[in-house]
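Undergrad: One structure coming up, written as structure tokens, with questions to follow.
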Amino acid sequence: MSVETIDLRPGHTISRVIRGGWQLAGDHGPVDRAQAIRDMEAFVDAGLFTFDCADIYTGVEEMIGEFIADLRARRGASVADRVCVHTKLVPDLTRLHDLRPDEVTVIVDRSLKRLQVEQLDLVQFFWWDLSLGNAVESLAVLKDLQAQGKIRTLGTTNWDRQKMQPFVDAGFDLASAQVQYSVLDRRPANGLTNWAAQTNMQLICYGTLAGGFLTEKWLGQPDPGFAFENRSLVKYRLIIDEFGDWDHFQTLLRALNAVGDKHGVSMSAVATRWVLDQPQVAAAIVGARYARHLPQTLQTFAFALDTEDHAALNAVLDKANGPNGDVYSLEGDRTSRHGRIMKYNLNTNPDDAVHGTHG
């Protein structure tokens, strides 16, 4: 069993399962910071050398930077340089109308300092509302910083093709789009994957396990409603509502479990493998605070879904109600129940808040 890798662009190789960082931002419960940093080494040694974070995931860039610095000191630059870090740049909604180019540069320099690296491997750009301010100007700053060597590769997050097309037309080389994609949420298949193939763009997928809903923990459990302290679970419970009722969700879990039993792997491995098998998908992000679920994650690369497996899953998926529409269309409506749980202004004072928006 070997971990699959793929190139986003020449010289930019990533593991096809990425260790997600949102769960380290404090919005999923208490985090043992020291243990989380120590456990990062287990992911790298297992072949999952790509990490996802964001400028507005409170404290996460610093944690990864501390890990990289320690790894470099103990095991040398050749090992530390294997670590590939993808971050995001998400300006505050309240600042879009007057965000200056020099402020964009400051955010990038801050990420470089936090991560203790000389170059950001991937910066994934997001702009809450394209009717406000000048998103093209801000992305142009990132392109200039890329030319200066501060950024290796550019991508986007939570945009569908309609929002990315003007930037592609303007000559921006966008290697990736980070979007929500799972057996529960197949909105990328509503045109984005075909468009991405035409524009030499690959998908990096979050929500692969729907915040843990697509695991054995929820198999056979009664509907919990929405009484969660963890806002991530609220987010994905809303997606389950779009998919169908709780009974149909349980039907999906039983199908995933049956496929997992057949291959001797976990439900999470089946759900992740399904995403990796979709067109234009480069990688799936699996969130983890610690390394205790690493063996189940690695099972993703120990088997293949066959025709019978896909038929069994499709029999359930074909009866789903949704989610419908384009990527992030539900969440992008700030008046909707999906949009109302988001936090929109975490960059101005990023150390004073926790993030709850991207994967």
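In the numbering used here, the protein residues as written are 662 to 1020. For every residue, glycine included, the Cβ atom is placed at its ideal position computed from N, Cα and C.
Taking all protein chains shown into account, decide if residue 980 is buried (16 or more other Cβ within 10 angstroms of its Cβ) or exposed.
TA: Position 319 of the sequence shown, counted from the start, is the residue given in the question as residue 980. Exposed, by the Cβ-count rule.
Undergrad: Where are the beta strand (DSSP E) runs, 3 residues long or more, that stay fully inside the segment 914-965, in chain order?
TA: 942-948
Undergrad: Are the CB atoms of residue 760 and residue 785 nearer to each other than 9 Å?
TA: By 1-based counting over the sequence shown, the position of residue 760 is 99. By 1-based counting over the sequence shown, the position of residue 785 is 124. No, they are not a contact pair.
Undergrad: Contact check, residue 817 vs residue 835 under 8 Å by CB: the rounded distance?
TA: Within the sequence shown, numbered from 1, the residue matching residue 817 stands at position 156. Within the sequence shown, numbered from 1, the residue matching residue 835 stands at position 174. Their Cβ separation, rounded to whole angstroms, is 6 Å, which keeps residue 817 and residue 835 in contact under 8 Å.
Undergrad: Rounding to the nearest angstrom, what Cα-Cα distance links residue 991 and residue 827 in this structure?
TA: Working through the sequence shown from its first residue, we reach residue 991 at position 330. Working through the sequence shown from its first residue, we reach residue 827 at position 166. For residue 991 and residue 827, the gap between their C-alpha atoms comes out near 21 Å.
Undergrad: Go ahead and label residue 722 buried or exposed: buried means 16 or more other beta carbons lie within 10 angstroms of its beta carbon, across all protein chains shown.
TA: If you number the sequence shown from 1, residue 722 lands on position 61. By the neighbour-count rule (16 or more Cβ atoms within 10 Å), residue 722 is buried.
Undergrad: Look at the alpha carbon of residue 1008 and the alpha carbon of residue 959, and state the distance between them as a whole number of angstroms.
TA: Working through the sequence shown from its first residue, we reach residue 1008 at position 347. Working through the sequence shown from its first residue, we reach residue 959 at position 298. C-alpha separation (whole angstroms): 34 Å.
Undergrad: Give the straight-line distance between the Cα atoms of residue 694 and residue 968, rounded to the nearest whole angstrom.
TA: As a position in the sequence shown, residue 694 is number 33, starting the count at 1. As a position in the sequence shown, residue 968 is number 307, starting the count at 1. Straight-line Cα distance between these residues: approximately 43 Å.
Undergrad: Pull up the DSSP beta-bridge partners for residue 990, would you.
TA: On the sequence shown, position 329 is the one that residue 990 refers to. Within the DSSP secondary-structure output, residue 990 pairs in no beta bridge.
Undergrad: Where residue 895 and residue 888 are concerned, what is the direct C-alpha to C-alpha distance, given to the nearest angstrom?
TA: Residue 895 sits at position 234 when you count from the first residue of the sequence shown. Residue 888 sits at position 227 when you count from the first residue of the sequence shown. Roughly 8 Å separates the two Cα atoms.
Undergrad: Given this structure, state the Cα-to-Cα distance separating residue 703 from residue 870, to the nearest angstrom.
TA: Here residue 703 corresponds to residue number 42 of the sequence shown, with the count starting at 1. Here residue 870 corresponds to residue number 209 of the sequence shown, with the count starting at 1. If I take the Cα positions, the gap works out to 21 Å.
Undergrad: Give the list of continuous beta strand (DSSP E) stretches no shorter than 3 residues that lie fully inside the segment 708-796.
TA: 711-713, 745-750, 781-786
Undergrad: So, are the CB atoms of residue 948 and residue 682 less than 9 Å apart?
TA: Reading the sequence shown from its first residue, position 287 is the one you call residue 948. Reading the sequence shown from its first residue, position 21 is the one you call residue 682. Their beta carbons are under 9 Å apart, which means residue 948 touches residue 682 by this criterion.
Undergrad: DSSP has residue 678 in a bridge; who is on the other side?
TA: Taking the sequence shown and counting its residues from 1, the one referred to as residue 678 is at position 17. Per DSSP, 945.
Undergrad: For residue 1000, which residues of its own chain have a beta-carbon under 8 Å away from its beta-carbon, when the five flanking residues on both sides are left out?
TA: As a working mapping, residue 1000 is identified with position 339 in the sequence shown. Excluding residues within five positions, the ones whose Cβ falls inside 8 Å are 991, 992, 993, 994.
Undergrad: Please work out which residues of its chain come closer than 7 Å, Cβ to Cβ, to residue 798, disregarding the five sequence neighbours upstream and downstream, and give them in chain order.
TA: By 1-based counting over the sequence shown, the position of residue 798 is 137. Closer than 7 Å at Cβ, skipping near neighbours: 762.
Undergrad: At 4 residues or longer, and completely inside the segment 785-865: list those alpha helix (DSSP H) runs for me, N to C.
TA: 796-808, 822-830, 853-859
Undergrad: Excluding the 5 residues flanking residue 983 on each side, which residues of the same chain have their C-beta closer than 7 Å to its C-beta?
TA: The residue labelled residue 983 in the question sits at position 322 within the sequence shown. These residues qualify, in order along the chain: 903, 904.
Undergrad: Cutting at 7 Å between CB atoms, please list the residues of its own chain near residue 926, excluding the five before and the five after it.
TA: Taking the sequence shown and counting its residues from 1, the one referred to as residue 926 is at position 265. For residue 926, where only same-chain residues beyond five positions count, the Cβ hits under 7 Å are 960, 963, 964.
Undergrad: Can you name the start and end residues of the beta strand (DSSP E) that residue 670 belongs to?
TA: For the purposes of this step, residue 670 is identified with residue 9 of the sequence shown, where counting begins at 1. Note, residue 670: beta strand (DSSP E), 666-670.
Undergrad: Could you give the distance in angstroms between the alpha-carbon of residue 700 and the alpha-carbon of residue 830?
TA: Locating residue 700 in the sequence shown gives position 39, counting from the first residue. Locating residue 830 in the sequence shown gives position 169, counting from the first residue. Cα to Cα, residue 700 sits roughly 42 Å from residue 830.
Undergrad: Is the beta carbon of residue 845 less than 9 Å from the beta carbon of residue 814?
TA: Residue numbering aside, residue 845 sits at position 184 when the sequence shown is read from its first letter. Residue numbering aside, residue 814 sits at position 153 when the sequence shown is read from its first letter. No, the pair does not count as a contact, with Cβ atoms beyond the cut-off.
Undergrad: Could you check whether residue 744 and residue 728 sit closer than 9 Å to each other, using their CB atoms as the reference points?
TA: Residue mapping note: residue 728 aligns to position 67 of the sequence shown, counting from 1. Residue mapping note: residue 744 aligns to position 83 of the sequence shown, counting from 1. Yes, the Cβ-Cβ distance between residue 728 and residue 744 is below 9 Å.
Undergrad: Below 6 Å CB to CB, which residues in the same chain sit around residue 933 once its five sequence neighbours on both sides are set aside?
TA: For the purposes of this step, residue 933 is taken as the residue at position 272 of the sequence shown. Counting only Cβ-Cβ distances below 6 Å, and skipping sequence neighbours, we find 869, 945, 961.
Undergrad: Going by Cα to Cα distance, which pick from 671, 789, 985, 822 is closest to residue 899?
TA: Within the sequence shown, the letter at position 238 stands for residue 899. Out of 671, 789, 985, 822, 985 has the C-alpha closest to the C-alpha of residue 899.
Undergrad: Check the C-beta distance from residue 679 over to residue 711 and give it rounded, since I have them as a contact under 8 Å.
TA: As a position in the sequence shown, residue 679 is number 18, starting the count at 1. As a position in the sequence shown, residue 711 is number 50, starting the count at 1. 4 Å between Cβ atoms; contact.
Undergrad: Taking the alpha-carbon positions, what's the residue 978 to residue 664 distance?
TA: Looking up residue 978 in the sequence shown gives position 317. Looking up residue 664 in the sequence shown gives position 3. Using only the alpha carbons, I get a separation of about 28 Å.
Undergrad: Considering Cα atoms alone, identify which of 843, 922, 862 is closest to residue 897.
TA: As a position in the sequence shown, residue 897 is number 236, starting the count at 1. The candidate whose alpha carbon is nearest that of residue 897 is 843.
Undergrad: Kindly indicate the opening and closing residues of the alpha helix (DSSP H) around residue 1002.
TA: Your numbering for residue 1002 matches position 341 in the sequence shown. Neither: residue 1002 is in no alpha helix (DSSP H) and is coded neither H nor E.
Undergrad: Hey, quick one: how far does the alpha helix (DSSP H) through residue 896 stretch, first residue to last?
TA: By 1-based counting over the sequence shown, the position of residue 896 is 235. Element bounds for residue 896: 892-904.
Undergrad: Could you check how far apart the C-beta atoms of residue 781 and residue 791 are, in whole angstroms? I think they sit under 8 Å.
TA: Counting from 1 along the sequence shown, the entry for residue 781 is found at position 120. Counting from 1 along the sequence shown, the entry for residue 791 is found at position 130. 23 Å between Cβ atoms; not a contact.
Undergrad: Please go through the same chain and pick out, in chain order, the residues whose beta-carbon is closer than 7 Å to the beta-carbon of residue 730, but skip the five residues on each side of it.
TA: Looking up residue 730 in the sequence shown gives position 69. Only 777 meet the Cβ criterion.
Undergrad: By Cβ distance below 6 Å, which residues in the same chain neighbour residue 988 in space, the five residues on each side in sequence not counted?
TA: Locating residue 988 in the sequence shown gives position 327, where the first residue counts as 1. Cβ-Cβ distances below 6 Å link residue 988 to 821, 840, 848, 849, 853 in the same chain, with the five nearest sequence neighbours on each side left out; the list follows chain order.
Undergrad: Which class does residue 662 belong to by DSSP, given the choice of helix, strand or coil?
TA: Counting from one through the sequence shown, the residue named residue 662 turns up at place 1. Three-state result, residue 662: coil.
Undergrad: Hey, how far is the Cα of residue 800 from the Cα of residue 928?
TA: The residue given as residue 800 occupies position 139 in the sequence shown. The residue given as residue 928 occupies position 267 in the sequence shown. Between residue 800 and residue 928, the C-alpha separation is close to 39 Å.
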